[in-house]
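Protein chains in written order, with the numbering used here: chain A, 1 to 457; chain B, 1001 to 1109. C-beta atoms are modelled at their ideal positions from N, C-alpha and C, and glycine is treated no differently. No experiment lies behind these values; they were computed from the predicted model shown.
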Amino acid sequence: MADPRVVVVGAGPAGVRAAQTLAEADLRPVVVDEAPISGGQIYRRQPALFRRSYETLYGFEAARAKALHDSFDRLADQVDYRPETLAWNVFDGALHTMRDGVAGKLPFDALILATGATDRLLPVKGWTLPGCYSLGAAQIALKAQACAIGRRVVFVGTGPLLYLVSYQYAKAGVAVAAVLDTSPAGGQVRALPHLARRPALLAKGLYYRAQLSIRGVPVHSGVTPVEIEGGDGVASVRFRIGDGPQRQIACDAVGMGFHLRSETQLADLAHCAFAFDEALGQWAPQTDRDGRSSVAGVYLAGDGARILGADAAEVSGQLAALAALQDLGRPVAAAQIDGLRRRQQTMEAFRRGLATAFPWPAQLARGVADDVLVCRCEAITAGDLRGAATRKGAPELNRAKALVRVGMGRCQGRFCGAAAAEILAHTRGEALPSVGRLRGQAPVKPLPLAAVREPAS
Amino acid sequence: MDSVTHGGARFVRIAEQDRPAVQIEVDGVRCDALEGDTLLVAVLTHASKLRQSEFGDGPRAGFCLMGACQDCWMWTSTGERLRACTTSVTAGMSVLTNPPSEALWPIPA
């Protein structure tokens, strides 16, 4: 009997470790990744001609990044690696792909989705101005292209990435005008017992904070961003601290983000069941502790399933691969699974700590003024969305999408969905889960019509 | 003329500048890039924006840089769409900040 075909989507920390685990079991997995080089976002590699060291690029994580990259490079003969390939649908037991404008189809016996995450955003007036980027974008510009997003940058949002990226910019010699954290300082104290479960990680976070302060970067907690101002581009940020008066800081760029959100569209198209995670205020695909989804043969790993960060992604990639192997009737060492599960529990405790320290500022999303653009793709305002709830009676997000096109645009709700749900639920006077979530639609990213043709072979 | 090459540079190069030069054209105007640049970086190290929103709400310069938001679309002269943040520059590349078929875009309000 031929070996089963296992397809892994994503070549970040989770995807690489899943592929490695499968290869160690003498399978030859297919690894489909949209990027030209493996590594994912957090350990994204610079293009071939760039020469900066691992220490320069990844700081404390240099050894981890190098280990991950080396692991995947060593697998070259043991995996069917397909870079620059978009996975755009899961249908009829096959993953549908596109590379160089040509559509392809990969029937699978097992599918491991390690699709990663993007920044979780909420709209602030002026956030569509040139010069305003996601935190992830600010980091990619620096890491993968050796560029800063501007000469004088304000970072706004909350979560660990806010401090990491601010620190990386300051260290690279870019003027960081301010770090504006929407979380109140008190939450971070309350979260300490949870955060202390991963002391090394907590220490790194404190180090970034200390370095910002040594470099004279103003860091404010309990911030309400009011407006990103400018004509044809970012010129300043207006904000308040607590109930204080409005302040204004001049800058030519803004990096903004409020934690991350999972890329779950493919899991959705594979018909995986989702559940509302109260602690995170987000919907997530349901899995058992090893990453089995509700659909037989479909496994979820890394930040694409639950936002636990890069270390946890490496663990969950291995767990998902072991689960797949087990379900395919291959021998798997129980002790290995137990060890990985224990590590995953520590990550989970830390995650709860982060949610306490840096809460998602739902109140800011609910309070977005009517004239602010919620949907960047099609310029749909908070007022349009509230109208869908009040005048048109949209009971949930997909109906609101049909009525006013919020989430219908080319990003498919990746950047407006979180805030749109808050606004709709608040306008209707209901709890967040009652308005549901935007369903994933194929293709998960825009395709040229010409790509519908399939290869001749 | 409203060309992307007018106005100040948005991105600032802070390292890795000893790469071979690559010339591209943006709206018919020469733009000096470096090998390994994405199209987005090549344009924004010269200009402040990439394109106009099709919905009349002003200029845009990309947002996520990881191929998710689709806010950095540019166009070839034959109408092929390019996602500037995930497209590497190649010598002689020629791009437009507006799609060549003005009959279709922008969408009237």
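Alpha carbon to alpha carbon, how far is residue i from residue j?
| i | j | result |
| --- | --- | --- |
| tryptophan 127/A | alanine 175/A | 20 Å |
| aspartate 327/A | valine 295/A | 12 Å |
| histidine 426/A | alanine 94/A | 39 Å |
| alanine 1015/B | leucine 180/A | 27 Å |
| leucine 142/A | alanine 114/A | 24 Å |
| cysteine 1072/B | leucine 1040/B | 7 Å |
| phenylalanine 274/A | glycine 291/A | 13 Å |
| glycine 157/A | alanine 19/A | 34 Å |
| alanine 420/A | alanine 62/A | 37 Å |
| lysine 66/A | tyrosine 54/A | 7 Å |
| tyrosine 208/A | glutamate 1054/B | 40 Å |
| valine 1004/B | threonine 1097/B | Low per-residue confidence applies at valine 1004/B: pLDDT is 40, beneath 50, and the placement is therefore not dependable, though the value from the model is reported in the following sentence. If I take the Cα positions, the gap works out to 7 Å. |
| isoleucine 140/A | glycine 233/A | 20 Å |
| glutamine 336/A | alanine 196/A | 25 Å |
| methionine 1001/B | glutamate 1080/B | Because the pLDDT of methionine 1001/B is 34, which lies under 50, any placement of that residue in the model is unreliable, and the question is left without a value. |
| alanine 1061/B | glycine 59/A | 29 Å |
| alanine 170/A | valine 6/A | 43 Å |
| alanine 144/A | proline 47/A | 7 Å |
On the three-state DSSP scale, how would you describe residue i?
| i | result |
| --- | --- |
| glutamate 24/A | helix |
| alanine 175/A | strand |
| glycine 460/A | Any question about residue 460/A goes unanswered here, given that chain A covers just 1 to 457. |
| threonine 1038/B | strand |
| leucine 447/A | coil |
| histidine 1006/B | Residue placement at histidine 1006/B cannot be trusted, given a pLDDT of 40 that sits under 50; the coordinates are not used to answer. |
| arginine 1030/B | strand |
| threonine 346/A | helix |
| leucine 162/A | helix |
| alanine 538/A | Because residue 538/A is not part of the residues shown, which for chain A are 1 to 457, the question remains open. |
| leucine 373/A | strand |
| proline 433/A | helix |
| histidine 426/A | helix |
| cysteine 1085/B | helix |
| tyrosine 43/A | coil |
| leucine 1096/B | strand |
| glutamine 286/A | coil |
| histidine 271/A | coil |
Using a Cβ-Cβ distance under 8 Å, would residue i count as near chain A?
| i | result |
| --- | --- |
| isoleucine 1024/B | no |
| methionine 1074/B | no |
| aspartate 1057/B | yes |
| glutamine 1070/B | yes |
| alanine 1015/B | yes |
| methionine 1001/B | For methionine 1001/B, the predicted structure reports a pLDDT of 34, less than 50, and the residue's modelled location is therefore unreliable. The matter cannot be settled from this model. |
| valine 1012/B | yes |
| proline 1108/B | Reliability fails at proline 1108/B, whose pLDDT of 49 lies under 50, so the model's placement of it is uncertain and the value that follows must be treated cautiously. It does not: the Cβ of proline 1108/B has no partner Cβ on chain A nearer than 8 Å. |
| serine 1077/B | no |
Could you tell me whether any Cβ in chain B is nearer than 8 Å to the Cβ of residue i?
| i | result |
| --- | --- |
| phenylalanine 50/A | yes |
| alanine 456/A | Confidence in alanine 456/A is poor, its pLDDT being 49 and thus under 50, which makes the residue's placement unreliable; the coordinate value appears in the next sentence. No, alanine 456/A does not count as interfacial toward chain B. |
| threonine 128/A | yes |
| valine 174/A | yes |
| alanine 148/A | yes |
| cysteine 272/A | no |
| isoleucine 140/A | yes |
List the endpoints of the continuous beta strand (DSSP E) containing residue i.
| i | result |
| --- | --- |
| glycine 157/A | 152-158 |
| tyrosine 208/A | It is not in any beta strand (DSSP E) - tyrosine 208/A instead sits in the alpha helix (DSSP H) that spans 199-214. |
| phenylalanine 255/A | A small fix is needed here, since residue 255/A is glycine in this sequence, not phenylalanine. First-last of the beta strand (DSSP E) with glycine 255/A: 253-258. |
| glycine 104/A | 102-107 |
| histidine 96/A | 94-99 |
| valine 298/A | 298-300 |
| arginine 82/A | 80-82 |
Residues of chain C with CB under 8 Å from residue i, in chain order?
| i | result |
| --- | --- |
| aspartate 119/A | No chain C appears in this structure, whose protein chains are A and B. |
One question on the structure: do residue i and residue j come within less than 8 Å of each other, judged by their Cβ atoms?
| i | j | result |
| --- | --- | --- |
| tryptophan 1075/B | proline 1059/B | no |
| serine 134/A | proline 359/A | no |
| valine 1022/B | alanine 1091/B | yes |
| valine 31/A | arginine 82/A | yes |
| cysteine 147/A | valine 1012/B | yes |
| serine 236/A | isoleucine 249/A | yes |
| leucine 403/A | alanine 388/A | yes |
| alanine 320/A | leucine 340/A | no |
| glycine 297/A | leucine 432/A | no |
| leucine 164/A | alanine 418/A | no |
| valine 372/A | glutamate 396/A | no |
| aspartate 1057/B | alanine 137/A | no |
What are the boundary residues of the alpha helix (DSSP H) that residue i is part of?
| i | result |
| --- | --- |
| glutamate 314/A | 310-327 |
| glutamine 363/A | 362-366 |
| serine 71/A | 62-74 |
| arginine 399/A | 397-404 |
| glutamate 1016/B | Careful: glutamate 1016/B lies outside any alpha helix (DSSP H) and carries neither H nor E. |
| threonine 56/A | 54-58 |
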